[in-house]
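As structure tokens, the structure follows; a few thoughts come after it.
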Amino acid sequence: MLRPIILTAAVASAVLIAAPASSQQSFCGSRDVMVQKLAQEFKENPMAVGMVDNNAVLEIFVSSEGSWTILATGTDGTSCVLSAGEGWDSKMLVAGNDV
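If you count by this note's numbering, then the sequence shown holds residues 1287 to 1385, one letter each, in order.
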């Protein structure tokens, strides 16, 4: 529960806060600023990246302590936090082997 409060305080000072039609808040800003804040404030680094479609890239940032953030970036360079949490557990899968 503390993670969303910390994320809100850290990101809000450097990025645009937009409130979508649903009463949830979305944290968005330039990708460079968002990545810098994730690294500085949470020690999170990129772990995975994938194309959503021709208009967006999805990235997962993870810290060695297990905190994580999912970031979506559009073609205009604007990134938004989709979700964040704690307790990330990476398991390496090897072709043909179940871990």
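By construction, the Cβ of each residue, glycine as well, lies at the ideal position given by its N, Cα and C atoms.
The model shown is predicted, which means the values in this text are computed figures rather than measured ones.
| query | Does the distance from the CB of residue 1359 to the CB of residue 1338 come in under 7 Å? | reply | Inclusion of residue 1359 and residue 1338 in the CB contact set at 7 Å is not warranted, their separation being larger than that value.
| How is the beta strand (DSSP E) around residue 1375 delimited, first residue to last? | DSSP places residue 1375 in no beta strand (DSSP E); its state is neither H nor E.
| message | Short of 8 Å in beta carbon distance, which residues of its chain neighbour residue 1330, apart from the five on each side in sequence? Order them along the chain. | response | Spatial neighbours of residue 1330 in its own chain (CB-CB distance under 8 Å, excluding positions within 5 residues in sequence) are listed in chain order as 1324, 1347, 1348, 1349, 1353, 1354, 1355.
| task | Please state whether DSSP places residue 1318 in a helix, a strand or coil. | result | DSSP places residue 1318 in helix when its eight states are reduced to three.
| By a C-beta neighbour count over all protein chains shown, 10 Å radius and 16 as the cutoff for buried, is residue 1398 buried or exposed? | Shown here, the chain extends from 1287 to 1385; a query on residue 1398 therefore has no answer.
| query | Roughly how many angstroms separate the alpha carbons of residue 1341 and residue 1374, rounded to a whole number? | reply | Using only the alpha carbons, I get a separation of about 27 Å.
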